[in-house]
Each structure stands twice: as C-alpha cells, then as structure tokens.
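Number of protein chains: 2
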Amino acid sequence: MRLAAVLLALLAAPVFAQPLALPDLPPYILTNARIYTVDDANPMADAIAVDPTGVIAAVGSREDLTAMYTWPEVDAKGHTVIPGLIDAHAHLMNLGTSLLQADLVGTTSKADVIARLTAFEADLPEGAWLTGRGWDQNDWGEGEPFPTRADLDAAFPTRPVWLVRIDGHAGWANTAALRASGVDPNAEPPADREGGATIRDARGLPTGVYVDGAMDLVGASVPEADAAFYEEALTRALEETARFGLTGVHEAGIPLALIDMYRAFAAEGRFGIRNYAMVSQEVFPAFCEQYPDMINDERLVVRSVKVYADGALGSRGAALLAEYADEPGNTGLLFMSPEVLESVVADAMACGLQVNTHAIGDRANRAVLDAYESAMAETGAASGAGRHRIEHAQVVSLDDIQRTADLGVIASVQPTHATSDMPWAETRVGADRVRGAYAWRRLIDAGARLALGSDFPVERVSPLLGFHAAVTRQDAEDAPAGGWYGNQVLSREEALRGFTLDAAYAGFMEDMVGSLEAGKRADFVILSQDLMRVPPEAILDTEVVMTVLDGAPIYVAE
Amino acid sequence: MRLAAVLLALLAAPVFAQPLALPDLPPYILTNARIYTVDDANPMADAIAVDPTGVIAAVGSREDLTAMYTWPEVDAKGHTVIPGLIDAHAHLMNLGTSLLQADLVGTTSKADVIARLTAFEADLPEGAWLTGRGWDQNDWGEGEPFPTRADLDAAFPTRPVWLVRIDGHAGWANTAALRASGVDPNAEPPADREGGATIRDARGLPTGVYVDGAMDLVGASVPEADAAFYEEALTRALEETARFGLTGVHEAGIPLALIDMYRAFAAEGRFGIRNYAMVSQEVFPAFCEQYPDMINDERLVVRSVKVYADGALGSRGAALLAEYADEPGNTGLLFMSPEVLESVVADAMACGLQVNTHAIGDRANRAVLDAYESAMAETGAASGAGRHRIEHAQVVSLDDIQRTADLGVIASVQPTHATSDMPWAETRVGADRVRGAYAWRRLIDAGARLALGSDFPVERVSPLLGFHAAVTRQDAEDAPAGGWYGNQVLSREEALRGFTLDAAYAGFMEDMVGSLEAGKRADFVILSQDLMRVPPEAILDTEVVMTVLDGAPIYVAE
Chain P
1 MRLAAVLLAL LAAPVFAQPL ALPDLPPYIL TNARIYTVDD ANPMADAIAV DPTGVIAAVG
61 SREDLTAMYT WPEVDAKGHT VIPGLIDAHA HLMNLGTSLL QADLVGTTSK ADVIARLTAF
121 EADLPEGAWL TGRGWDQNDW GEGEPFPTRA DLDAAFPTRP VWLVRIDGHA GWANTAALRA
181 SGVDPNAEPP ADREGGATIR DARGLPTGVY VDGAMDLVGA SVPEADAAFY EEALTRALEE
241 TARFGLTGVH EAGIPLALID MYRAFAAEGR FGIRNYAMVS QEVFPAFCEQ YPDMINDERL
301 VVRSVKVYAD GALGSRGAAL LAEYADEPGN TGLLFMSPEV LESVVADAMA CGLQVNTHAI
361 GDRANRAVLD AYESAMAETG AASGAGRHRI EHAQVVSLDD IQRTADLGVI ASVQPTHATS
421 DMPWAETRVG ADRVRGAYAW RRLIDAGARL ALGSDFPVER VSPLLGFHAA VTRQDAEDAP
481 AGGWYGNQVL SREEALRGFT LDAAYAGFME DMVGSLEAGK RADFVILSQD LMRVPPEAIL
541 DTEVVMTVLD GAPIYVAE
Chain X
1 MRLAAVLLAL LAAPVFAQPL ALPDLPPYIL TNARIYTVDD ANPMADAIAV DPTGVIAAVG
61 SREDLTAMYT WPEVDAKGHT VIPGLIDAHA HLMNLGTSLL QADLVGTTSK ADVIARLTAF
121 EADLPEGAWL TGRGWDQNDW GEGEPFPTRA DLDAAFPTRP VWLVRIDGHA GWANTAALRA
181 SGVDPNAEPP ADREGGATIR DARGLPTGVY VDGAMDLVGA SVPEADAAFY EEALTRALEE
241 TARFGLTGVH EAGIPLALID MYRAFAAEGR FGIRNYAMVS QEVFPAFCEQ YPDMINDERL
301 VVRSVKVYAD GALGSRGAAL LAEYADEPGN TGLLFMSPEV LESVVADAMA CGLQVNTHAI
361 GDRANRAVLD AYESAMAETG AASGAGRHRI EHAQVVSLDD IQRTADLGVI ASVQPTHATS
421 DMPWAETRVG ADRVRGAYAW RRLIDAGARL ALGSDFPVER VSPLLGFHAA VTRQDAEDAP
481 AGGWYGNQVL SREEALRGFT LDAAYAGFME DMVGSLEAGK RADFVILSQD LMRVPPEAIL
541 DTEVVMTVLD GAPIYVAE
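Quick look at the structure:
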C-alpha cells in the first residue's frame, strides 16, 4: 500500500539527477569510495562489488574488482561508505504512531503551531482526526493564557483536531473535535468533576481546552487505532529510519498481535529494513508455543524476549543498591523480586529465547546478572552462550562490570541517554556511583560487547547523534568541552562497530549483515563526509546521501 | 664491565625460584599466557614459540605450537604478555647521569636525607664524590633553617658530599667536600661577591651551604664526567629501563661523542635494550658526513635528527600564534625563524635523515608543518615518506590537526605531560586553544599516527604511567574523576600500539619488533595482571614480572 508505493517510486525514480548515481538494482561495482568495512581482516577499501541478488561479491580495490566482474561501474565520487547502521534498542511502532501525530514540541507561537499542523495535514486522509502532542503555551511569549478552539477553527473548520500538552495534562480541541465528540460548543458544559476541568470563556462556553480528568470528554472520541492505522504507522517508521541510514533496528518489545502484521509486511516485501523484534515479557510463553521454531526471515527475526527489571533514573524508579543521593530513603523499585526474575529468565531460556532485560539501576543490573548466571549454570551454558543482553545497563556497580564481561552478557546501551541525562544524573546517584554510570569505556575495556542504540522515539532517530555522543560524551552543541566523564568515550571504530557488527551480533545476524565483506548482504550507507575523520565538532554535519539494502537504494537524499 | 656482569649474572641466575620459570636462553614455547600480540591479523594468542636465535617462530595456540616444535614448554601460568614496550621520546643518558646522583626529592626530614644517601652510597666506588639533587628544607618541618655540613659529617666523615637544592639555587656540602675543594672549614670565607652567598654560622665559619654564584666554590670541584662515568651512567640507565618493561627507547638528541661509545657498547653486547637515537641538531651535518650509511645495528639505530622549534609551556617559552592567556603581550619564542627552520629541515632531509622536531606551541607546530610540507614538496616526497615526526605536538591549532595527519607526520606525544601539566595548562592557553592541547583523540581520529613516550627523566620512567594517563587522562590518584578533557583518551589497544608497534614504526623498526608475530625478534614483557582488562583504577598496580629481549630475560622481578 503506501510503503510499497513509496518504495516502488523510489526504486523507479531516476537518480541520475543525483551527483552519485547508483542503479535501482544490483549488480554493480561501486568504486572511488572511502569504505570503512568494519571487517578486521580488511578494514578499508575503495570498491565494493554487489551481485544481482544483493549479496556482496567482493570488497577491495577498483583494479581488482573491475578485473573480476563485468558489472557496471558506479563512481562514488570519493564519498564515504559504512555498513548499514543498526539501532540495537528502539521502538519502531511507537515511532510510527508518533509520526502519525503532529510534533508540537518547541513551537514558538500559535502561528507556528498552525503552520506545523497545516504541513502535517498534507499527508492525512480526508476525515481523519488530526492529533498532535507537545505544545506548551509558555513557549509562545509572556503571560500567554491557554489557547482556544478559535485559534484552530480558521485553519481547520471541519477536520477534528486534538492536541495534547507537552506534560500530558491538558488537551486542546477545535470546534469540529467538540462536535465529533458530541459536545455542544454553544452550550454550557456540565459542572467539573473532581480531578478535571473544562476551561470556559467569559460567556461560560467551552474554550476547547480540557484539563486532566476532563480530557476524556473529547480525547475519548479520537478513533481507536485499527489495522490500517498500524500499517500506516509502520510504513512511516520504515521511511523515517531509512532516511537516517538505518538498515536494521532491534525493536524492544512487541505484542503478539503485531507479529502477524509484521510477517505479512515481510512476506509482501514491504518491510523496508531488517527488524530484530523482541516479544514482550507477558507473551513469551504464548510466543514459544505458537512459534516453536521462532521467526527467521531476512527482514524479520523474532527469537528474543524483552523483560523489565526496574524503572527509570529520571523518575527515581530505577532500583539502586543504596538510596538515591537526592532522595534519602528511596532506593527505587525492582519490578519483580529477584526470585521471580530468575524464574522468568530461566523459563525464557528454557524455550530457547535470548533474554534482553531492561535494567537501569545498579540493584537491577545485579539482579539480572544473578538471574542470568544462575539460569545459565543450571543448563551448563558457557559464557556468552545465548547472547543474553542487558538493555541500558545504565548504572552498574563497579563490582559488576567485569562480571558482565565474564558472563558474556551484551550491554545494549544508548549513548544519547548519557548526554540527555548528564544535567541531573550525578545528582541522582552521587559522585561515587556515577563512575559506573553510562560507563561504556569500562565495560568495553573489561571485555564486554556493546550493542549501541537510540531508544527512539524517546530520543531522536538519527544514529549519528548516538555516534557523536559515544565518541565525545558531549551534547549536540559540543558541551561540556572535555565531555561528561569524558574518559568513558568510545573510539570511532568502536562506536561504528557498536552500531553495525556488534549490533548485528546481538541480533544473531552477524553472518548476514553488520560488516561489508564478501557473502554478506549489501546493506550500506553513503555519507556526505568522512564520519571517521572529520573533527568531532563536524560529526553532526554528516548527511546520509543514500541508504542501501540488499544492494538497492531505500533512501536517496534530495 | 658492570652491565655485562649484571647481565651475565641475570642470565646465569637460577630463575627456578620464580613462579614463572623462563629459561635463560631460547628456544622454548611459552604456553598458558594471555598474549596481546598487537598484530591485527591475530590479536590474541595463548602461546608463543621462540627459536634458538631469539626470533619468534610462531604465535598461536598451545596445541598448534607444541605439535609444530619440540622445544621445551614453559608454563606462563596465565600471565599476561605484551610486546616489549618502546619509549618513543626519552633521554637515556640523562636518566643514567641522574641515577648517579642521589634523588632527594620529597625527603621528609634530614634523617630521611641521610638514609637515602647511605643507601645510595652502597653502589659508589671508594673515594668518589656523592652527589645528589632535590632537597627542600621546607619539606622537613616548620621553620627549618638551612641544613649544615654537620648534618652530613657524622654519616660521611671522609667522602665528599655535594647536594643541590631542588631549584638549583643552593648547594649543601659536607666538610670533606669543602676540604676537597680547597675550602678551609675553619676559616672565615672571603666576602661574598654579587649574586652569591656563603652561608655562615654564628662564628662566621661556612655552614656548608652555598647560594647561587657562590655554589662554584665547592660545586666546581666535583670531578668532571669522564668516559667511565658515562659508561656507568648508561649501564644504570639500561638496567632501569629494563626494569619497567622497556625493550626499546628513542633517545631524543645525543652528541656525536656518545655515538662511538654507544657503538662500542653495542658491539660488545652490552647495549641491553634497543636504542633509536636521534643526533642533536648542531651535529647532523657532521653525522651525515661521518656516517653516510647511517647506523643500523640491532641495538642501535641512528638515522634521524632532533631539532628544536620552541621552548616549554610551563615557562611560557612555547611559541603561540596568539598571546598567552595569562601573560598579555607574550607569544613565546621560536628558536629559529621559519625560514631558517625550513632550511635546516630541508638540509636534514637532503642527507636522508628523519626529522624529529620539538614543537610545543601552536605557532611552532605550524612552522614545523610548513617546513616539512615545503621540504617534502621540493623533493616530491609523498605523504608519510621519511616518517618525519613532531616531538610533543602539545598545543596544536585545530586547523593543523588534519594537516598533521594528511602530511603523514607522526605525532610523538607523552601522555604523562598532560597529567603533569593539567593543573595550569588551561591557564596558559585559555579555553579555546586547550581543545587542541594534548589532543590525542583528535589527532588519531584525523588519521595521524601516535608514537608514545615519557620524556624521562623529565617524567618517570615507567611506561605504565603513560599508558594509564593515555587511557584515563587522570593522574596516578585517579583525579579528576572523568579525566582532564577526558574525551581525548585513547583506547587501551591504541595506547598499547603507541608504546609498541607505532613507536617501532616511528623508528623504522616495525619489521623487527613492535608486535608479536612470526619472524620478529622475541621482545616481550610478562605482566602481573591483565593490563588490558583490569579496571582503570587498577592499571597502575600492574607489575613487570619479566622483560625479555631476543627471547632472553633482561629483567626478572624479585
């Protein structure tokens, strides 16, 4: 449907206008490129030959490859090429559904809101609700009161519009949305019940803004997501990820219901990138029953379970071994007792699943290591067997870092979490524990394997942001100067490996993708500049020129 | 003589008492080791076979090697093995001469001084002067006045003792030293001349302490260094370096006179490690004339010149592009005009020397790059040809970092300089320029090769200190927590490479040493723990268990 059309259009589109003209389909020999292969045996090359099935025939020098193959030669014009990027921890469907809402974060005025909504509406089917999220009237100038439905009605006289405030505590509707919800805009609304408020104008009529418990008066009428909605969401998410150089994601937790839809997408050739999806903890027994052989498609692999051990650090829900530095008496919360966690892990391992457990606090990380160790010991599994992972591994006791490595547990970390959290993380955990927080260098030096990701849409999609954060420990404005706990940086080679080969390994796909070498699928990204050599301040100026999957472009920059 | 005796004793000594018993001479197969080879094609191994000539026959698994060779097997008992360490910038003879003086830095009392002197005297020939350096009476307790000769006379009634204060501005003699200098200790000294002072007691007699211009009254009588002195100094220096795991040094600047002595040492088999010595700038024309084929011995290679472009940052003698942040109007000093520098560089290159230029400030670094670029362009030399180096490359303009890499200029840097200078370096250059200061990560990411060193005896000898500083940007007490401009750290692999293979490359010795692979000399170090995996705080607990050169132990820990 939509994605198929987009993909067909893309594949059929003449890219001759591009300075770099890759054919729609292989075979070809791409030459005059700066290729970072992430293959230790052959780290750099200037040419890559892709066979008619989208498999890499050879990686080497132009001379050698043009002598070996008669395929057309494509001049990469000195562009840099890296393996297709893989986000090892993300929420693909959440990204898709968020893309079906207008993003109003950071709007500077009501006119700006209208402009964004108008642009967003262009892609909406007729009659569909326009929903959005992220407005904050404080951003629009001093003393701005709540907006009103009148602000929206001129631009959207008939389409229902429902916009949730940045904090989730208020909704802003237009008059069409009130009507679609059975609310008479010209009648005084019923008295507010406790915990909610309908904002009224001077005449007592509803302004269109509903607070907390009253939000349902309109919000409950937004049509529920149906199959078409999810298909559209997935389609958008796949377009969005390809745009940023991703050829793969690891989707951290999906319900069983999505699996059928995903399989259908994959079977129809519409799953534009490779998804390594983890099933949610609640449904893994059903999954194991229904799919005893797991799912092993080239675009969809399901053979792992996402388990939650604790909450988040920002909200002080992460389980710590000692109390929060900024809240005496509070040590956070384990979602399960260590005993229950251990039994869940053992059950999941028993049915052959890779276990990927969310652990933020040092108590949670230790409980997960304990559970993995004990379950692995029961079955006599060697270190690293099963490739079990800790998702986030955010605050790890210094006593557990070497243990993580020794157990062969993969640390699935998100570099932008460190730069997002750095303003307050040390306040939460104090100067001692922070040494084991976001401690990528310690982990890698202890011998642990890192799979890198973004956690989008919690963070932004572009893996370049994560790459930059990983190698600088700085935010996008290059602050602080030496990086936040700067000596925990990764080298660029390590960061690239974490977003390619080691992410592929963490998803059992390293024989198929993750590096550019003969026999693997031709998933790669062409960049506007040499990401591995430009000064750190210039990394984020890098643009994705083209994203290529199985040898065919799935994204081409304008 | 001395070293030969020591070496013979070492080689002959029964090492059976050691938990790890390497034979005195190869061949053998060392097994059960954690070997970091610094060979990309084969990064780790557990066994290494050394042939009877001290050449590595093979590196691999115990199984393979014991099947291939019948040589005796030696159990490394799980110890970690790395290639022999190479200090790419050091002053070997200066280390030796400093070892012939008692080190009085940090003494806590006069009794402590006497204790150190007594220990030091044990190795002195009868009748020789005992000289020392580094005392500071302020370290000995509140209000301590200058010490006196009486403090020394009890312990040293007949041997002349001459101890220079830490700042070089005072000397402290015993009575024997006064007598040996023709000074009557029981007579009033002559009136002080301007710029000097003889400290007198209540009776007007000399206390033994001489300040500034008066220091020569005794100091001038210390016997001048003769050949025997230098031989002894070199012998001590070679023992000292082997003790810390060094199998090679690059000696940054020697006079012609030392070359003959060094060659004799090498010919007699007394040059215990490998020295890549640079001739001093003043003598390179004479060197080129005298040694048109250079010197290419396995223990002594001379084919480079040390040039000085500017001074030091601490004393504000480094040449900056703009004024010092803490001294308006001062931009430091180039030792030569850019034109003269360029002609010196061109002349040195013309006689086939590698040019290694000391450059600290950004103006000096730029002038050196200009000179290299222009001289290389004249001869049509490709990037990296000649392997020319910048010694220190300490404050580099951000505009010159990529240029350093593109010209193929090797950055010969000393990680401990960063951690020694971090208390005041930013004060000198300000927040902007400091981003290009000690900026190893920027240099390596731009594609430059780093050769690592210590600059001993300016810094301490142990390369582990440099390794630690390189990977943490912290001092030996692990401060500051995230490292000083922490995101400029190197990975441990990069740091090890900088002290081994890349240092070897910077000395044209990479075909002989620098990594552990078949065909290279068996230079390696056995460590007490896994330097590459222990937590960063534990790196400096690593001890050298054994240093091995050409397959034979040159240092064995007690």
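Line order of the protein sequences matches chains P and X. Quick note: the first sequence uses UniProt numbering, first residue 1, plus one each step. Quick note: the second sequence uses UniProt numbering, first residue 1, plus one each step. Beta carbons are placed, not taken as given, at the ideal position from N, Cα and C, and that holds for glycine. As the structure is a prediction and not an experimental result, all values here were calculated from the model.
C-alpha distance - residue i paired with residue j, whole-angstrom precision
{"i": "A522 (chain X)", "j": "L516 (chain X)", "result": "7 Å"}
{"i": "R441 (chain P)", "j": "R460 (chain P)", "result": "23 Å"}
{"i": "A9 (chain P)", "j": "G182 (chain P)", "result": "Its pLDDT being 44, under 50, A9 (chain P) is placed unreliably by the model, and the measurement read from it follows with that caveat. The straight-line gap from Cα to Cα measures roughly 42 Å."}
{"i": "Y505 (chain X)", "j": "V74 (chain X)", "result": "30 Å"}
{"i": "D212 (chain P)", "j": "A191 (chain P)", "result": "14 Å"}
{"i": "N296 (chain P)", "j": "G127 (chain P)", "result": "39 Å"}
{"i": "I48 (chain X)", "j": "T97 (chain X)", "result": "37 Å"}
{"i": "I114 (chain X)", "j": "T247 (chain X)", "result": "34 Å"}
{"i": "I29 (chain P)", "j": "L465 (chain X)", "result": "48 Å"}
{"i": "S528 (chain X)", "j": "V59 (chain X)", "result": "21 Å"}
{"i": "V409 (chain X)", "j": "L321 (chain X)", "result": "20 Å"}
{"i": "Q474 (chain X)", "j": "S491 (chain X)", "result": "14 Å"}
{"i": "I35 (chain X)", "j": "A446 (chain P)", "result": "16 Å"}
{"i": "A371 (chain X)", "j": "A439 (chain X)", "result": "22 Å"}
{"i": "M261 (chain X)", "j": "E282 (chain X)", "result": "19 Å"}
{"i": "P27 (chain P)", "j": "A76 (chain P)", "result": "15 Å"}
{"i": "C288 (chain X)", "j": "C351 (chain X)", "result": "6 Å"}
{"i": "V301 (chain X)", "j": "D46 (chain P)", "result": "36 Å"}
{"i": "P157 (chain X)", "j": "L124 (chain X)", "result": "15 Å"}
Proximity test, residue i beta-carbon vs the ligand FMN heavy atom, cut-off 8 Å
{"i": "P27 (chain X)", "result": "Judged by which ligands are present, the structure shown has none, so any question about the ligand FMN falls away."}
Residue closest to residue i, alpha-carbon to alpha-carbon, out of the options
{"i": "V164 (chain P)", "options": "P:M261, P:I199, P:R133 and P:C351", "result": "P:R133"}
{"i": "Q137 (chain X)", "options": "X:A128, X:W129, X:D112 and X:E121", "result": "X:D112"}
{"i": "L549 (chain P)", "options": "P:L238, P:P72 and P:G208", "result": "P:L238"}
{"i": "L100 (chain X)", "options": "X:P223, X:A197, X:A88 and X:A41", "result": "X:P223"}
{"i": "D51 (chain X)", "options": "X:E339, X:A552, X:V340 and X:V302", "result": "X:A552"}
{"i": "D541 (chain P)", "options": "P:T235, P:A176 and P:A476", "result": "P:A476"}
{"i": "G141 (chain X)", "options": "X:N94, X:G106 and X:I166", "result": "X:G106"}
Simplified DSSP assignment, three categories, for residue i
{"i": "P14 (chain P)", "result": "Confidence in P14 (chain P) is poor, its pLDDT being 39 and thus under 50, which makes the residue's placement unreliable; the coordinate value appears in the next sentence. Coil, per DSSP."}
{"i": "A377 (chain X)", "result": "helix"}
{"i": "T472 (chain X)", "result": "helix"}
{"i": "R521 (chain P)", "result": "strand"}
{"i": "A364 (chain X)", "result": "helix"}
{"i": "P27 (chain X)", "result": "coil"}
{"i": "L8 (chain X)", "result": "With a pLDDT of 42 at L8 (chain X), under the threshold of 50, the predicted position of this residue should be treated as unreliable, and no value is reported."}
{"i": "P553 (chain P)", "result": "strand"}
{"i": "E558 (chain P)", "result": "coil"}
{"i": "L407 (chain P)", "result": "coil"}
{"i": "L527 (chain P)", "result": "strand"}
Pull out every residue of the stretch 388 to 415 of chain P whose Cβ sits closer than 9 Å to any Cβ of chain X, in chain order. L398, I401, Q402 and A405
Could you pull out every unbroken beta strand (DSSP E) segment of at least 3 residues lying fully inside the stretch 65 to 143 of chain X, listed in chain order? Qualifying beta strand (DSSP E) stretches, in chain order: 73 to 75, 80 to 83, 85 to 90 and 130 to 135.
Unbroken stretches of the alpha helix (DSSP H), 4 residues or longer, contained in the stretch 270 to 327 of chain X: 284 to 290
Which ranges would you report for the alpha helix (DSSP H) in the stretch 332 to 360 of chain P if only whole runs of at least 4 residues count? Runs of the alpha helix (DSSP H) spanning 4 or more residues and lying entirely within the stretch 332 to 360 of chain P occur at 338 to 350, in chain order.
Which residues of the stretch 456 to 488 of chain X have a Cβ closer than 8 Å to any Cβ of chain P? Give them in chain order. V471, T472, R473, Q474, A481, G482, G483, W484, Y485, G486, N487 and Q488
Taking only beta carbons into account, state which residues of the stretch 528 to 545 of chain X come closer than 8 Å to chain P, listed in chain order. M532, R533, P535 and P536
To be precise: take each residue of the stretch 426 to 450 of chain P, compare its Cβ to all Cβ atoms of chain X, and keep it if any distance is under 9 Å. Which residues remain? A431, V434, R435, R441, R442, I444, D445, A446 and G447
Ordered list of alpha helix (DSSP H) runs contained in the stretch 149 to 199 of chain X, each at least 4 residues: Counting only runs of 4+ residues, the alpha helix (DSSP H) found wholly inside the stretch 149 to 199 of chain X occupies 149 to 153 and 175 to 180, in chain order.
Positions along the stretch 39 to 64 of chain X whose CB lies within less than 9 Å of some CB in chain P: D40, A41 and P43
Counting only runs of 4+ residues fully inside the stretch 411 to 488 of chain X, write out the alpha helix (DSSP H) ranges in chain order. 415 to 421, 425 to 433, 440 to 445 and 463 to 472
Beta strand (DSSP E) runs contained entirely in the stretch 192 to 271 of chain X, provided each spans 3 or more residues: 196 to 200, 206 to 212 and 246 to 254
For the stretch 488 to 512 of chain X, enumerate the residues whose C-beta is nearer than 9 Å to any C-beta of chain P, in chain order. Of all residues in the stretch 488 to 512 of chain X, only Q488, V489, L490, S491, R492, E493 and E494 place a beta-carbon less than 9 Å from a beta-carbon of chain P.
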